[in-house]
Amino acid sequence: MALISYVSKGEAAEDVRPILENMEKKVGAVPNVFRAMAHSPALFEGFLALNSALTKTKLDPKLRELAYIKTSELNGCEYCLHHHQNFGRKAGLNDRQVNETPKFETSDAYDELQLDVMQYAKEVTRHINVSESLMTRLRQRLSDREIVELAMVVGIANFTNRVTETLKLELESS
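With positions in the sequence shown counted from 1, the corresponding number in this note's numbering is that position plus 1.
In structure tokens form, the structure reads like this:
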């Protein structure tokens, strides 16, 4: 059970209500993470802007979602894992790529860059820093912009995982 209530459209602050209504029109329902964050309109709007920016990066969406999935898996955030596995499929990942992240080091479902991206997510999530050898490999295949975007994806995933887990947000029933 969630530790806080979920904001309904009727309870939402005036500046948040149209955002929730628009979200409901686009996706059919407002995800619980957004309904929870709607308690704080300024943070809610900032979080939405940050999440929207993630979809406008140069970093390949498949790599973005692999990084997010791996981070969520490591943090035990079932809520984020569920949603980003679906986003990963929409980005073009196949079922093996979505489901084999726990054993990515021994799976043949990934190319070298995908393996390095998941290793990056693992190292950042576990230790904050990454090995020199991993950064060397990433710099050979990604631009500085893409590396910054990868760092942001993993950082945002860690942030969202922690907020979601701390508040014990529940997966939507539908």
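All residues carry an ideal CB built from backbone N, CA and C; glycine is no exception.
This structure is a prediction, so every number in the text was calculated from the model and none was measured.
Local conformation of G156 per DSSP, three classes: helix
With distances taken between CB atoms, is the gap from A158 to S73 smaller than 8 angstroms? yes
If you follow the alpha helix (DSSP H) that S6 is part of, which residue opens it and which one closes it? Premise fails: S6 is in no alpha helix (DSSP H) and is neither H nor E.
Since I believe V125 is in contact with V131 (beta carbons under 8 angstroms), could you give me their beta-carbon distance rounded to a whole number of angstroms? 6 angstroms
According to DSSP, simplified to helix, strand and coil, what is Y121? Per DSSP, reduced to three states, the secondary structure at Y121 is helical.
Checking 8 angstroms against the spacing of the C-beta atoms, do A68 and Y121 come in under that value? yes
Would you kindly check if the distance between the Cβ of T102 and the Cβ of K59 is under 8 angstroms? no
Between the CA atoms of P62 and I148 - distance to the nearest angstrom: 13 angstroms
Determine, using beta-carbon pairs with one atom in the region 79 to 98 and one in the region 140 to 155, whether at least three such pairs fall under 8 angstroms. no
For M24, tell me which candidate among A14, E15 and K10 has the shortest Cα-Cα distance. K10
Below 6 angstroms CB to CB, which residues in the same chain sit around S108 once its five sequence neighbours on both sides are set aside? E101
Closer than 6 angstroms by C-beta to L64: which residues in its own chain qualify, once you throw out the five before and the five after it? Chain order, please. V118
Once DSSP output is grouped into helix, strand and coil, what is the label at S108? Here S108 sits in coil by DSSP.
Contacting residues, own chain, Cβ-Cβ under 7 angstroms from D16 (five flanking each side not counted): P42
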